[in-house]
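A.B. asks:
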Amino acid sequence: MLDIRIRDGAICEIGELLRPEDQEEVIDARNAYVAPGFIDMHVHLREPGNPEKETIATGCAAAVAGGFTALAAMPNTHPALDTPEMVRWVKESAERAGLARVYPIAAITHGREGKEPVDFAALSRAGAVAFSDDGNTIESAIVQTSAALRARESGRVFITHCENAAIKERDEFDPAAESSAVARDIAIARATSLPWHIAHVSTRDAVDAIAEAKQLRITCTAEATPHHLVFTRDDAAQFSAGTKVHPPLRSAVDVDALRHAVRNGTIDAFASDHAPHADGTSPGFSGLEVAIGAYALALPDLPVRRYVELLSCNPARILGVPGGTLTVGSPADVTIFADRDWVVDPADFHSKGKRTPFSGKSLPRRAITTIVAGSVVMENRRVSARSAR
Ligand code: DOR
109 MLDIRIRDGA ICEIGELLRP EDQEEVIDAR NAYVAPGFID MHVHLREPGN
159 PEKETIATGC AAAVAGGFTA LAAMPNTHPA LDTPEMVRWV KESAERAGLA
209 RVYPIAAITH GREGKEPVDF AALSRAGAVA FSDDGNTIES AIVQTSAALR
259 ARESGRVFIT HCENAAIKER DEFDPAAESS AVARDIAIAR ATSLPWHIAH
309 VSTRDAVDAI AEAKQLRITC TAEATPHHLV FTRDDAAQFS AGTKVHPPLR
359 SAVDVDALRH AVRNGTIDAF ASDHAPHADG TSPGFSGLEV AIGAYALALP
409 DLPVRRYVEL LSCNPARILG VPGGTLTVGS PADVTIFADR DWVVDPADFH
459 SKGKRTPFSG KSLPRRAITT IVAGSVVMEN RRVSARSAR
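Using this note's numbering, you'd call the opening residue of the sequence shown number 109 and step up by one each time.
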């Protein structure tokens, strides 16, 4: 068993039986796992535009309560995150909240309208870590390709929500809406050599396309959500809460294929697609506070080392942000979690979004302590800002 010493926001020593020095706070992590801080790379904070659904502060509180030290924020706000000023504003607001680190993802096209590519260099300089029109699949392959070519210099990844609108309009649940859009984006990734990340993969056919892309050494990564890893469309009939989500819940064959893809490395990251809403009908679930338990429920046999890779090391690598390591000198972002059963009660959520298909479910794992830049920001679900300590 090893001890970790943290000083001035960084990890300064790792060793056996470190002796506490004067004034040092000691956190007892026996019977728990100590991991590099978890990063949720797909989160919808609702500011600017819809603070009644979530604010940057409540979203960050939900993140640290759920064991996340950092999150990447999607740009489907109102207005969309498509200017350097807005990217800076999101970062500053998160800094003021003093909880999780927030990495803004900027839009690929102005207003997420699928027409005019944004100024990738300026947005990247302002702090955008990736680009996405999330929620909207860019319909025109020409726009998508020319945007990818222009974005190359920024070195930033494109994250795409893959649902072909025309197919989806004909049949909301047709898996070809996803697999056809994934195939197209993989072809564009190959043609442009831009690093590409496929958001919330939900179908067997999309998994197969991504596995094939990896074999061809196309720079393509992918994520899976808690709800797509646990529930089928048939399960959804039993939920009391609304069940609408994009992409939709799928068949048992798809869920099995997705779990298998996590085990064999086709899926690189877990990401919650935290999508808080104030009403009962808009698509999306509140995910941050159930995610780490839900992944363990879906994949009880997944080795813990691989689990941490999917939640920390790989998201850090894909986004090109610090994290994913506990080596001496690295920022002291730490998640302590344990295999303890608990029952989900959305009334306890720090998020304003209370809708989740996991309501009332028992989950086998939870976060105990979240540490950001050396400060304890969550202990047993009690959240306190860095500046408040
Ligand atoms: O269900 C969803 N809700 N899927 C998305 O891609 C967007 C999200 C939202 O922002 O509410």
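Note that beta-carbon positions come from the ideal geometry of N, C-alpha and C, so glycine has one too.
Considering only the beta carbon of each residue, do P212 and P183 sit closer than 9 Å?
C.D. replies: On the sequence shown, residue 212 is found 104 positions in, with the first residue counted as 1. On the sequence shown, residue 183 is found 75 positions in, with the first residue counted as 1. Yes; because the gap between Cβ atoms is below 9 Å, this pair is in contact.
A.B. asks: Spatial neighbours of F378 within its chain, please: CB distance less than 6 Å, with the 5 preceding and 5 following residues excluded, ordered by chain position.
C.D. replies: As a first step, residue 378 is located in the sequence shown; it is residue number 270 there, counting from the start. Closer than 6 Å at Cβ, skipping near neighbours: Y403, L418, L419.
A.B. asks: Please report the straight-line C-alpha distance between Q383 and F393, rounded to a whole angstrom.
C.D. replies: On the sequence shown, residue 383 is found 275 positions in, with the first residue counted as 1. On the sequence shown, residue 393 is found 285 positions in, with the first residue counted as 1. Going by the sequence as given, residue 383 is Ala instead of Gln. Computed Cα separation, rounded: 5 Å.
A.B. asks: Can you list the alpha helix (DSSP H) stretches of 4 or more residues lying completely in the region 187-232, in chain order?
C.D. replies: Listed in chain order, they are 192-205.
A.B. asks: For R497, does the count of other Cβ atoms within 10 angstroms reach 16, so buried, or fall short, so exposed?
C.D. replies: Translated into positions along the sequence shown, residue 497 becomes position 389. With a pLDDT of only 45 at R497, under the threshold of 50, the placement of this residue in the model should not be trusted; the figure read from the coordinates follows. Exposed is the call here.
A.B. asks: On the DSSP bridge list, what partners appear for H305?
C.D. replies: As a first step, residue 305 must be located in the sequence shown, where it is residue number 197. H305 pairs with I267, T329.
A.B. asks: Quick check: what's the CA-CA separation for H269 versus L125?
C.D. replies: Reading the sequence shown from its first residue, position 161 is the one you call residue 269. Reading the sequence shown from its first residue, position 17 is the one you call residue 125. Cα-Cα distance, rounded: 47 Å.
A.B. asks: For D282 and I326, I'd like the C-alpha separation in whole angstroms.
C.D. replies: As a working note, residue 282 is residue 174 in the sequence shown. As a working note, residue 326 is residue 218 in the sequence shown. Looking at the two C-alpha atoms, the distance is approximately 26 Å.
A.B. asks: Only counting runs of 4 or more residues, tell me where the alpha helix (DSSP H) segments fall wholly within the region 316-387, in order along the chain.
C.D. replies: With a minimum length of 4 residues, the continuous alpha helix (DSSP H) runs that stay inside the region 316-387 are 334-338, 341-344, 360-372.
A.B. asks: Using DSSP's beta-bridge definition, name the partner residues of E133.
C.D. replies: Start at 1 with the first residue of the sequence shown, and residue 133 comes out as number 25. DSSP, once it has assigned bridges, lists no residue as partnering E133.
A.B. asks: Please determine if the region 463-481 and the region 432-444 are in contact, where contact requires at least 3 C-beta pairs separated by less than 8 Å.
C.D. replies: Yes, the region 463-481 touches the region 432-444.
A.B. asks: For the candidate residues G482, H150, E487, A170, whose alpha-carbon lies nearest to that of A118?
C.D. replies: Taking the first residue of the sequence shown as position 1, residue 118 is located at position 10. That would be G482, whose Cα lies nearest to the Cα of A118.
A.B. asks: Distance check for K460 and I216, CA to CA, integer angstroms please.
C.D. replies: Counting from one through the sequence shown, the residue named residue 216 turns up at place 108. Counting from one through the sequence shown, the residue named residue 460 turns up at place 352. Roughly 28 Å separates the two Cα atoms.
A.B. asks: In this structure, does DSSP put P423 in helix, strand or coil?
C.D. replies: The residue given as residue 423 occupies position 315 in the sequence shown. Correct three-state label for P423: helix.
A.B. asks: Using C-beta distances below 7 Å, list every residue in its chain close to T340, excluding the 5 sequence neighbours before and after it, in chain order.
C.D. replies: Stepping through the sequence shown from its first residue, residue 340 is reached at position 232. Result list for T340: L357, R358, S359, A360, V363, in chain order.
A.B. asks: Thinking C-beta only, is F466 closer than 9 Å to H335?
C.D. replies: Position 227 of the sequence shown holds residue 335. Position 358 of the sequence shown holds residue 466. Yes. Within cutoff.
A.B. asks: Can you give me the C-alpha to C-alpha distance between R127 and L407, rounded to a whole angstrom?
C.D. replies: Mapped onto the sequence shown, residue 127 falls at position 19. Mapped onto the sequence shown, residue 407 falls at position 299. Roughly 37 Å between the two C-alpha positions.
A.B. asks: Shortest alpha-carbon distance to L471 belongs to which of E280, A455, A446?
C.D. replies: Taking the first residue of the sequence shown as position 1, residue 471 is located at position 363. Considering only alpha carbons, the answer is A446.
A.B. asks: Bridge partners for D148 per DSSP, in chain order?
C.D. replies: To locate residue 148, count along the sequence shown from 1; it is residue 40. Its beta-bridge partners are L179.
A.B. asks: The ligand DOR heavy atoms versus the CB of V195: any closer than 8 Å?
C.D. replies: Within the sequence shown, residue 195 is the residue found at index 87, counting from 1. V195: no, Cβ never under 8 Å from the ligand DOR.
A.B. asks: Helix, strand or coil, according to DSSP, for R113 in the structure here?
C.D. replies: Residue mapping note: residue 113 aligns to position 5 of the sequence shown, counting from 1. Strand.
A.B. asks: Can you tell me where the alpha helix (DSSP H) holding V172 begins and where it ends?
C.D. replies: Your numbering for residue 172 matches position 64 in the sequence shown. First-last of the alpha helix (DSSP H) with V172: 164-173.
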